[in-house]
Amino acid sequence: MQRYADDAVDLLREANGDTAKMALDYGLIDELLHRDGISARVKALVRDSDEEDEGDDSGADEYPRIGHVTYLRAIRGQDSESSAEASLGVVIASGVILDGSQPPGTVGGDSTARLIRRATEDERVKALVLRVDSPGGSAFASDVVLRALEVFQESGRPLVVSMGSVAASGGYWISMSADEIWASPTTLTGSIGIGATFPTFQRSLDRLGIHVDGTGTTTLAGQVDPLRALGPDIVEIIGQSIQNGYDQFVDKVANHRDQSVEEIDGVARGRVWIATDARDRGLIDHLGNLDDAIASAAELAGLEEDGYRIDYIEKELEFKERLALQLAQVFAPLVQALGVSPVLPPELQRLVDVAVEPLRFLEQLNDPRDLYAYCFCEAR
Numbered sequence: 009m010q011r012y013a014d015d016a017v018d019l020l021r022e023a024n025g026d027t028a029k030m031a032l033d034y035g036l037i038d039e040l041l042h043r044d045g046i047s048a049r050v051k052a053l054v055r056d057s058d059e060e061d062e063g064d065d066s067g068a069d070e071y072p073r074i075g076h077v078t079y080l081r082a083i084r085g086q087d088s089e090s091s092a093e094a095s096l097g098v099v100i101a102s103g104v105i106l107d108g109s110q111p112p113g114t115v116g117g118d119s120t121a122r123l124i125r126r127a128t129e130d131e132r133v134k135a136l137v138l139r140v141d142s143p144g145g146s147a148f149a150s151d152v153v154l155r156a157l158e159v160f161q162e163s164g165r166p167l168v169v170s171m172g173s174v175a176a177s178g179g180y181w182i183s184m185s186a187d188e189i190w191a192s193p194t195t196l197t198g199s200i201g202i203g204a205t206f207p208t209f210q211r212s213l214d215r216l217g218i219h220v221d222g223t224g225t226t227t228l229a230g231q232v233d234p235l236r237a238l239g240p241d242i243v244e245i246i247g248q249s250i251q252n253g254y255d256q257f258v259d260k261v262a263n264h265r266d267q268s269v270e271e272i273d274g275v276a277r278g279r280v281w282i283a284t285d286a287r288d289r290g291l292i293d294h295l296g297n298l299d300d301a302i303a304s305a306a307e308l309a310g311l312e313e314d315g316y317r318i319d320y321i322e323k324e325l326e327f328k329e330r331l332a333l334q335l336a337q338v339f340a341p342l343v344q345a346l347g348v349s350p351v352l353p354p355e356l357q358r359l360v361d362v363a364v365e366p367l368r369f370l371e372q373l374n375d376p377r378d379l380y381a382y383c384f385c386e387a388r
């Protein structure tokens with residue numbers, strides 16, 4: 009373990025900047041799996057032994073389980089038989105892409121993947137349309153969403169992406185595997201690249217006359233202290249991780265868009281493209297709106313024009329979210345009737361909002377590796 013800490017830079021270089029492979033090579037972990045692979049491993053562990061003894065493979069893809077939301081619905085008698093009518097699922101991915109479960113207005117890696125899995129597990133959903141309006145965000149969360157979409161496609165059903173005003177960087181990451189990508193003529197897309205963020209405050213502290221020092225037990229000790237400048241080894245490690253993340257991004261795009269790595273690298277490196285140019289470079293397929301994408305998905309699935317319904321697959325609000333919404337609806341008219349006004353004048357409040365907005369954005373960022381596929385672009 010001491011060598012793992014002291015020689016981290018060399019070990020990471022041997023693993024081509026892949027920290028997961030580095031941990032695997034050094035024996036810290038046993039295997040690298042996507043989440044669906046982990047789920048398959050759990051299924052294999054809990055499968056009924058009698059079925060295995062009898063050579064029955066019927067339980068190979070399932071195991072006894074129930075989610076807490078489904079359980080609560082069942083005991084409250086809320087489940088009812090629904091129509092067997094074929095449907096076309098629509099999932100909205102709008103906002104910054106963040107790790108974990110996130111509220112509407114952002115794209116949570118876990119919460120969005122759950123919506124996609126709902127479509128995958130529902131046999132009535134014959135095709136899926138992903139509406140993307142996102143400048144990107146967490147590279148890890150983007151890959152979680154991408155993998156959920158790939159699993160849906162492995163079921164043999166078509167996936168179509170409809171891009172909004174911006175679908176760049178991480179927004180393109182979650183779009184790339186689609187059978188068809190549609191965008192409006194003015195959509196900003198591309199921005200295939202990776203960056204990292206790690207704020208440090210040593211200059212601010214220097215101005216206050218505050219300085220930090222100390223000793224550590226490894227060469228990396230103190231090199232990731234936000235009160236100091238980043239150490240040279242950490243800078244090297246971050247650089248290798250960024251290069252590895254970029255290489256993976258380009259490889260995935262090349263694979264899904266049926267182009268060579270060299271061709272994708274020629275339009276990548278963070279370049280932003282308007283949809284008309286992106287189409288010429290093979291990053292998208294068609295120009296059109298959400299309705300066009302839905303119609304195309306239905307055609308790919310072989311659905312007749314009046315033979316399906318459109319099902320928007322959305323996150324169900326938790327109790328605390330429903331309560332907050334109800335309270336807001338109750339108190340909003342009361343506040344308006346009482347004439348309660350902000351403490352700051354509107355002009356000053358606008359200045360404060362402009363100054364605070366970048367800090368709010370940084371506060372949201374939560375990628376486990378601090379690697380981000382984010383486009384600082386805005387459509388106006």
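If you read the sequence shown in the working numbering, its first letter stands for residue 9, the second for the next number, and so on.
Yeah, the Cβ is synthetic: ideal placement off N, Cα and C, and Gly gets one too.
Because the structure is a prediction, the values reported are computed rather than measured.
Span separating the alpha-carbon of residue i from that of residue j
i, j, result
"residue 306", "residue 17", "50 Å"
"residue 117", "residue 177", "15 Å"
"residue 122", "residue 109", "9 Å"
"residue 384", "residue 202", "12 Å"
"residue 277", "residue 74", "44 Å"
"residue 45", "residue 218", "49 Å"
"residue 129", "residue 99", "14 Å"
"residue 214", "residue 206", "18 Å"
"residue 35", "residue 49", "19 Å"
"residue 134", "residue 95", "6 Å"
"residue 119", "residue 375", "15 Å"
"residue 125", "residue 160", "7 Å"
"residue 216", "residue 238", "19 Å"
"residue 236", "residue 147", "26 Å"
"residue 319", "residue 28", "38 Å"
"residue 372", "residue 224", "31 Å"
"residue 60", "residue 47", "Residue placement at residue 60 cannot be trusted, given a pLDDT of 48 that sits under 50; what the coordinates show is reported in the next sentence. Roughly 18 Å separates the two Cα atoms."
"residue 394", "residue 11", "No answer is possible for residue 394: it lies beyond the span of the chain, which begins at 9 and ends at 388."
"residue 65", "residue 32", "Since pLDDT at residue 65 reaches only 47, below the 50 mark, its modelled position is unreliable, and the value read off the structure follows with that caveat. The alpha-carbon atoms of residue 65 and residue 32 are separated by roughly 32 Å."
"residue 162", "residue 271", "26 Å"
"residue 211", "residue 22", "34 Å"
"residue 41", "residue 208", "33 Å"
"residue 90", "residue 293", "Low confidence applies to residue 90: its pLDDT is 45, below 50, so where it sits in the model is not reliable, and the reading given next is rough at best. Going by the C-alpha atoms only, they are around 35 Å apart."
"residue 228", "residue 311", "58 Å"
"residue 230", "residue 15", "15 Å"
"residue 107", "residue 241", "26 Å"
"residue 265", "residue 19", "33 Å"
"residue 158", "residue 164", "10 Å"
Pick from the options that is closest to residue i, judged by C-alpha positions
i, options, result
"residue 261", "215, 244, 187", "187"
"residue 5", "252, 303, 315, 194", "Residue 5 lies beyond the range of the chain shown here (9 to 388); nothing can be said about it."
"residue 93", "115, 107, 131", "131"
"residue 179", "272, 280, 210, 127", "280"
"residue 184", "151, 194, 374", "151"
"residue 282", "224, 175, 256, 248", "175"
"residue 380", "274, 322, 254, 323", "254"
"residue 168", "147, 300, 275", "300"
"residue 378", "30, 248, 11, 287", "248"
"residue 285", "10, 196, 170", "196"
"residue 43", "155, 272, 265, 271", "155"
"residue 309", "32, 136, 51, 22", "136"
"residue 323", "230, 127, 263", "127"
"residue 256", "26, 21, 39", "26"
"residue 153", "22, 101, 164, 208", "101"
Paired residues, beta bridge with residue i - DSSP
i, result
"residue 189", "169"
"residue 141", "102"
"residue 282", "196"
"residue 319", "97"
"residue 381", "145"
"residue 133", "95"
"residue 264", "Looking at the DSSP assignment, residue 264 forms no beta bridge with any residue, so it has no partner."
"residue 294", "190"
"residue 469", "Nothing in the structure corresponds to residue 469, since the chain is present only between 9 and 388."
"residue 115", "105"
Beta-carbon proximity check, residue i vs residue j, cutoff 8 Å
i, j, result
"residue 138", "residue 198", "no"
"residue 252", "residue 24", "yes"
"residue 243", "residue 233", "no"
"residue 204", "residue 245", "no"
"residue 115", "residue 97", "no"
"residue 141", "residue 172", "yes"
"residue 189", "residue 258", "no"
"residue 295", "residue 191", "yes"
"residue 145", "residue 182", "no"
"residue 13", "residue 194", "no"
"residue 394", "residue 316", "This structure does not reach residue 394, given that the chain is present from 9 up to 388, and the question cannot be answered."
"residue 275", "residue 289", "yes"
Sequence ranges, beta strand (DSSP E) only - wholly within the segment 196-242, length at least 3: 196-198
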